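Engineer: One structure coming up, written as structure tokens, with questions to follow.
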Amino acid sequence: MSAVQFGVLGPLAVATDDGEPVVVPGAKVRALLADLLANRNQVVSADRLVDDLWGEDSPANPLGALQVRVSQLRKALNDAEPGARELVESRPPGYLLRTATVDADRFAELARSNDAGRLTEALGLWRGEAYADVADAEFVRAEATRLTEQRLAVHERLAEARLARGEHDLVAADLAELVARHPLREGLRAVQLRALYAAGRQSEALDSYADLRERLAEELGLDPGPELVALHRRILDQDAGLSAPPKAALIRNSLPAQLDELVGRAEALAELRALLPRQRLVTLVGPGGVGKTRLATETARTQSFPDGVQLVELAPLSTGEPRVAEQVLAVLGAHEVAGTSLSASDRLVTALRHRHLLLVLDNCEHVIEPAAELVARLLRDVPGVSVLATSREPLGLTGELLWDVPPLPVPANGDLDAVRRSAAARLFAARAAAQQRGFRLDEQTAPAVAQLCRRLDGLPLALELAATRVRALGVRGVVDRLDDRFRLLTTAQRDVPTRQRTLTAVIGWSWDLLDPADREVLARLAVFPDGCTPQAAEHVCRTDLDTLARLVDRSLVVLDDSGAEPRYRLLESVAAFGLGRLTDADEVRARHATYFTELAERADPELRGADQQRWLALLDAETANLRSALVNGGGLRLAVALSWYWYLRGRLTEARQALAVPGDPGQETRAAPWRVGFALSQGEAVAPDDVRAAVAVDPDGHAAWFAANAVIEHGDLALAAELLPTNVVDAWTEAAVLASRAHLAHANGDQATLEQTATRSAAIFADLGDRWGRLRATEWVGGLADMRGEHERAVALHREGLRWAEELALWPQVCAELSWLAWIAVQTRDYAQGRELAERAYDLAVEQGSPGALIFAEMSLGLAARRDGKLDLAVTHLTRLADLGRGESQPALYLPMVLVELGYAVEQGGDPDAALALHVEAFEAAEAMATMRDAVGPLEGMASAVRSPEVAARLLGAAAAARLATRSPAAPAERDDTDRTTARLRAELGPERFDALLAEGAKLSPGEARAQL
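Using my numbering, you'd call the opening residue of the sequence shown number 24 and step up by one each time.
The following block contains the structure:
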């Protein structure tokens, strides 16, 4: 589980590990989170939480209301980071939030330092007042006050550190507002007085002291402390120890004026600002157009070096030109004296030997050797000089700190809030608005802006070039033309360097610096649509790791090591540039298709064993490459190899589309059962003879089991039992068949067979290490526990299954486990929990396009609504399911239960005759499927709706006897219905007559009881 980040240094904030904000809905839920964060890693009693959240206005069921808010909080966290619901633990006598990722804790860690950079970073974590949106609440007041005091203490220590560095003017300016907000804080005043005096503002220092003395006297009746009095005396005496050190030379900066806002780089600026004073050589590396120059100049603008900052543009030099030192001398204004024999680098060292300044060397990549040689000399011989370089490849020097400048974060989707949070979208919107006055980032433009940002990889220069076209094309028009990006993305702005006026020129600048062999490899890498592993690159591109490393160093290839193994990626624009220069495309694409077909065939058996999770992740990472290989030579052979993977991932439509392509006879034979199985899994009717024909060639193989198992969901239990393999080819197929037979036994109410097959299946899958198989078998063990009324055990089994499914990202099975848990919650009268779980399952099923999971989830929604008294909503859900089940060629397994629930809803709505018809229909459907257990509910439903109390009592007796015979006790929620009917009948018939009729009914078979109507 990835960590969830919590922020309390400002308004309450929650984010994923990737920085995506998490919405915590509702004021009470946010207040609950704030309370748990203020007491993080400690148990907070439920009574205290209720008092904190509602005070004297507590609801009628305060603990129930609190539990609902806890469930909502867990859901919000889990929606953002799967598994994060476990952060909120139920611990007697209340709840505990377990976390180590709160910004206040990071602040405390940084605040212990005396380093100016770390103190600056600590203050940068603050976004406003602590717990700003719940600051009035008593439960956070002490914590907020403590944090505010720590913040002020850090301000004081940072000011002291900056004074020691000679930043008197800046400290005096920065403290003015802080002192105004905290006029009685003597520590702040002391630092301000010293800064003002050192900056030559003695009278202001004395005025500030007088203001403090007057305020203390009037508001507190106190005098300034002895340390402040002593400082005042030193100022009056003009103590030389308080003066600023003399500057050795006039500070000169050659940075250009800031013409527009730097968007999306606040965190980078803060990090680099703190880094530079400690690190003498920092090189900003990254692809062309990523914004290295702008970030370097804005970082340099924040620095305070005694002899200033000098920006040296190296782009005017031709490739490999050695005159780097001359370029620096020209910027410094150091002219060569006639008759001197010193080299340019010697003259530069002499000029800088006693100076303390920052050199910004911009665009080093095309003069990398002479630039590196000069920087090495300066670092060795001029201790007062620091260098901030920008380059598309490292200088390669000892002590060099490489700082990768990434593209700007792009929106994850087209949602307006997500787009507005994206730095790439904000940059594009700002530049587009400058070109077209009426441009706005709103609901209409957000989806197109999100797509544009993703297509351009968040590359600032590309975004700015695209913005210049909005005035003529509109943002949608720009997106539509991105396939021709190199003609589209140009600018006529005259103050932009030639190499940055077109996207072609930006990438071509780096391309031209490569040797021919490296260009060939870069072009071949473009056939990988979403990057590749080192092994894939070596095989498909016919290259070696040294070449790949050179391309990474030159910022043309990105090394992504965030996953299980490193991957080489190209920005989309670099890939488009490379594809346009690929001379052997057919051969490269053929090698690509062969490589990934063989990979899929190696992966297929591994997906049924102990390495299942690793191979799932590997194929997930290669999704785009596999799709490309399918249409470039992989064909039906690759589609068959990927079929089981697609099923585990719930990508049924993708599987069917890929399997639809023609292949050779052998491939067609292997594909046939997969085609049938996926069609059935998506709810499509397939004639029984067509199913038999598809599995006939290999009736005992994996694919045959897959097709037979899919038949079960269509209610044709006899056909499924007929087609399930009997002479299994391996242990995995044996376990899979047993799990399917457990499913059949559950449908038939055969508890003995269900227990035997599910338990044996789980054991075999455990031996094989197949976690999908274990959770599939355990699902039916849990179903058995539910059938027997062992609800606590059933919940434990399904929660364990849910955890496994989430860990493996097996979303269809996650749907199933959530639906089981929702079902059990409804059966045990926890309707709020049942609705929450069912809604999660339903949303996920819609997202996955899984008809079976959708039906199971909607059943729980309908049941929860009916049993919670929401009859209109229940009828809507249940009617839709009933119509769907009636439309099947065989009665759907769920149809009897749905009709019973619909009958109860109609009866409670005042129409017992219509209800009785529905219960009779349910009984007939159960009879058609020969499932005695499913006939029990219809009998109890008939008893609730039939007008004759005598017949109703006999029906109840028959139903009770059937429950005993099938060992299927009524769940608590089911008992509510029978108890309601029983109470009515006892009142109408009298206890003795009712008991006698009940005993008569117990002697009837379900069919005989039905005949009483």
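Ideal Cβ positions, reconstructed from N, Cα and C, are used throughout, including at glycine.
Keep in mind that this is a model prediction, so the values were computed, not measured.
Which of helix, strand or coil does DSSP assign to A112?
Structural biologist: Start at 1 with the first residue of the sequence shown, and residue 112 comes out as number 89. Residue identity differs from the one stated: residue 112 is Glu in this sequence, not Ala. Strand.
Engineer: For R53, does the count of other Cβ atoms within 10 angstroms reach 16, so buried, or fall short, so exposed?
Structural biologist: Within the sequence shown, numbered from 1, the residue matching residue 53 stands at position 30. With 16 or more Cβ atoms within 10 Å of its Cβ, R53 is classed as buried.
Engineer: In or out: G1030 buried (at least 16 other Cβ within 10 Å) or exposed?
Structural biologist: Indexing the sequence shown from 1 puts residue 1030 at position 1007. Classification of G1030: exposed, given that the 10 Å Cβ count is below 16.
Engineer: In terms of alpha-carbon separation, which member of R612, E290, R346 lies closest to L649?
Structural biologist: Against the sequence shown, residue 649 aligns to sequence position 626. Looking at the Cα atoms, R612 is the closest of the given residues.
Engineer: For Y927, which residues from the same chain have a beta carbon less than 8 Å from its beta carbon, with the 5 sequence-adjacent residues on both sides left out?
Structural biologist: For the purposes of this step, residue 927 is taken as residue 904 along the sequence shown, with counting starting at 1. Once the five neighbours on either side are set aside, the close Cβ partners of Y927 are R889, A938, G964, S967, D1000.
Engineer: Need the endpoints of the alpha helix (DSSP H) that S784 sits in, please.
Structural biologist: In the sequence shown, counting from the first residue as 1, residue 784 sits at position 761. Unbroken alpha helix (DSSP H) run through S784: 774-791.
Engineer: For V408 versus L397, is the C-beta spacing smaller than 8 Å?
Structural biologist: Working through the sequence shown from its first residue, we reach residue 408 at position 385. Working through the sequence shown from its first residue, we reach residue 397 at position 374. Not in contact: V408 and L397 (Cβ atoms no closer than 8 Å).
Engineer: Measuring alpha carbon to alpha carbon, tell me which residue in D723, D721, A731, E707 is nearest V714.
Structural biologist: Here residue 714 refers to the residue found at position 691 of the sequence shown. When only C-alpha atoms are compared, the closest one is A731.
Engineer: So does the stretch 887-903 actually touch the stretch 123-130, counting three or more Cβ pairs closer than 8 Å?
Structural biologist: No contact exists between the stretch 887-903 and the stretch 123-130.
Engineer: Taking the CB atoms as reference points, tell me whether A394 and L381 lie closer together than 8 Å.
Structural biologist: Locating residue 394 in the sequence shown gives position 371, where the first residue counts as 1. Locating residue 381 in the sequence shown gives position 358, where the first residue counts as 1. No, the pair does not count as a contact, with Cβ atoms beyond the cut-off.
Engineer: Grouping DSSP H, G and I as helix and E and B as strand, with all else coil, what is R592?
Structural biologist: Looking up residue 592 in the sequence shown gives position 569. The answer is strand: DSSP assigns R592 an E or B state.
Engineer: Could you give the C-beta distance for L630 and W667, rounded to a whole number, given that I count them as a contact under 8 Å?
Structural biologist: The residue labelled residue 630 in the question sits at position 607 within the sequence shown. The residue labelled residue 667 in the question sits at position 644 within the sequence shown. At roughly 6 Å, the Cβ-Cβ gap stays under 8 Å, so L630 and W667 are in contact.
Engineer: Under 8 Å Cβ to Cβ from R236, same chain only, skipping five residues before and after it: list those, please.
Structural biologist: Here residue 236 is taken as the residue at index 213 of the sequence shown, counted from 1. Excluding sequence neighbours, R236 sits near D246, P247.
Engineer: In whole angstroms, what is the alpha-carbon distance linking D957 and L703?
Structural biologist: Here residue 957 refers to the residue found at position 934 of the sequence shown. Here residue 703 refers to the residue found at position 680 of the sequence shown. Their backbone Cα atoms lie some 24 Å apart in a straight line.
Engineer: Leaving out five residues before and five after R121 in sequence, what residues of the same chain have Cβ atoms less than 7 Å from its Cβ?
Structural biologist: As a first step, residue 121 must be located in the sequence shown, where it is residue number 98. Contacts found: N64, L110, E112.
Engineer: Anyone know if the C-beta pair for L798 and A754 falls short of 8 Å?
Structural biologist: For the purposes of this step, residue 798 is taken as residue 775 along the sequence shown, with counting starting at 1. For the purposes of this step, residue 754 is taken as residue 731 along the sequence shown, with counting starting at 1. No, they are not a contact pair.
Engineer: Can you check DSSP and say which residues form a bridge with F29?
Structural biologist: Taking the first residue of the sequence shown as position 1, residue 29 is located at position 6. According to DSSP, F29 bridges with V37, V125.
Engineer: What are the boundary residues of the beta strand (DSSP E) that W803 is part of?
Structural biologist: Against the sequence shown, residue 803 aligns to sequence position 780. Careful: W803 lies outside any beta strand (DSSP E), inside the alpha helix (DSSP H) at 794-810.
Engineer: Return the chain-ordered list of same chain residues with a C-beta closer than 6 Å to the C-beta of A975, the five sequence neighbours on each side being excluded.
Structural biologist: Sequence index remark: in the sequence shown, residue 975 carries index 952 (1-based). Taken in chain order, the residues that qualify are A966, V969, L1008.
Engineer: Could you check the C-alpha separation between G497 and L505 for me, to the nearest Å?
Structural biologist: The sequence position of residue 497 within the sequence shown is 474, counting from 1. The sequence position of residue 505 within the sequence shown is 482, counting from 1. Taking the straight line joining both Cα atoms gives about 13 Å.
Engineer: Grab the span of the beta strand (DSSP E) containing L424 for me, first residue to last.
Structural biologist: Taking the sequence shown and counting its residues from 1, one reaches residue 424 at position 401. Element bounds for L424: 424-427.
Engineer: According to DSSP, is E200 helix, strand or coil?
Structural biologist: If you number the sequence shown from 1, residue 200 lands on position 177. Looking at E200 - three-state DSSP - the assignment turns out to be helix.
Engineer: Please report the distance separating the alpha-carbon of G49 from that of V804.
Structural biologist: By one-based count along the sequence shown, residue 49 stands at place 26. By one-based count along the sequence shown, residue 804 stands at place 781. If you take the alpha carbons of G49 and V804, they lie about 38 Å apart.
Engineer: Would you identify the three-state DSSP class for G657, choosing helix, strand or coil?
Structural biologist: Numbered from 1 along the sequence shown, position 634 holds the residue referred to as residue 657. Three-state result, G657: helix.
Engineer: Excluding the 5 residues flanking R378 on each side, which residues of the same chain have their C-beta closer than 6 Å to its C-beta?
Structural biologist: Here residue 378 refers to the residue found at position 355 of the sequence shown. Same-chain partners within the cutoff: D330, G407.
Engineer: Which residues mark the beginning and the end of the beta strand (DSSP E) in which D583 is found?
Structural biologist: Taking the first residue of the sequence shown as 1, we reach residue 583 at position 560. Run containing D583: 581-583, per the beta strand (DSSP E) assignment.
Engineer: Cβ atoms of A808 and L820: under 8 Å apart, would you say?
Structural biologist: Residue 820 sits at position 797 when you count from the first residue of the sequence shown. Residue 808 sits at position 785 when you count from the first residue of the sequence shown. Cβ distance < 8 Å, so L820 and A808 count as in contact.
Engineer: Roughly how many whole angstroms lie between the Cα atoms of A455 and D440?
Structural biologist: Here residue 455 is taken as the residue at index 432 of the sequence shown, counted from 1. Here residue 440 is taken as the residue at index 417 of the sequence shown, counted from 1. Their backbone Cα atoms lie some 19 Å apart in a straight line.
Engineer: Could you tell me which of L675, E707, A61 sits nearest to A158, measuring between CA atoms?
Structural biologist: Your numbering for residue 158 matches position 135 in the sequence shown. Among L675, E707, A61, the Cα nearest to that of A158 belongs to A61.
Engineer: Below 6 Å CB to CB, which residues in the same chain sit around G700 once its five sequence neighbours on both sides are set aside?
Structural biologist: The residue given as residue 700 occupies position 677 in the sequence shown. F729, A730, A733, listed in sequence order.
Engineer: DSSP has V372 in a bridge; who is on the other side?
Structural biologist: Here residue 372 is taken as the residue at index 349 of the sequence shown, counted from 1. Paired residues: none, contrary to the question.
Engineer: DSSP three-state label for C16, please.
Structural biologist: Within the shown structure, residues of the chain are numbered from 24 to 1036, placing residue 16 beyond reach of any answer.
Engineer: Per DSSP, which residues does S414 bridge with? Please list them.
Structural biologist: Sequence index remark: in the sequence shown, residue 414 carries index 391 (1-based). DSSP, once it has assigned bridges, lists V308 as partnering S414.
Engineer: Using three-state DSSP, classify P279 as helix, strand or coil.
Structural biologist: Taking the sequence shown and counting its residues from 1, one reaches residue 279 at position 256. Note: P279 maps to coil in three-state DSSP.
Engineer: Could you give the uninterrupted runs of the alpha helix (DSSP H) lying entirely in the stretch 656-687, keeping only those of 4 residues or more?
Structural biologist: If we require 4 residues or more, the alpha helix (DSSP H) runs fully inside the stretch 656-687 come out as 658-671, 675-682.
Engineer: Taking its Cβ as the centre, do 16 or more other Cβ atoms sit within 10 Å of D584, making it buried, or is it exposed?
Structural biologist: Against the sequence shown, residue 584 aligns to sequence position 561. The residue in question, D584, is exposed, as its Cβ has fewer than 16 Cβ neighbours within 10 Å.
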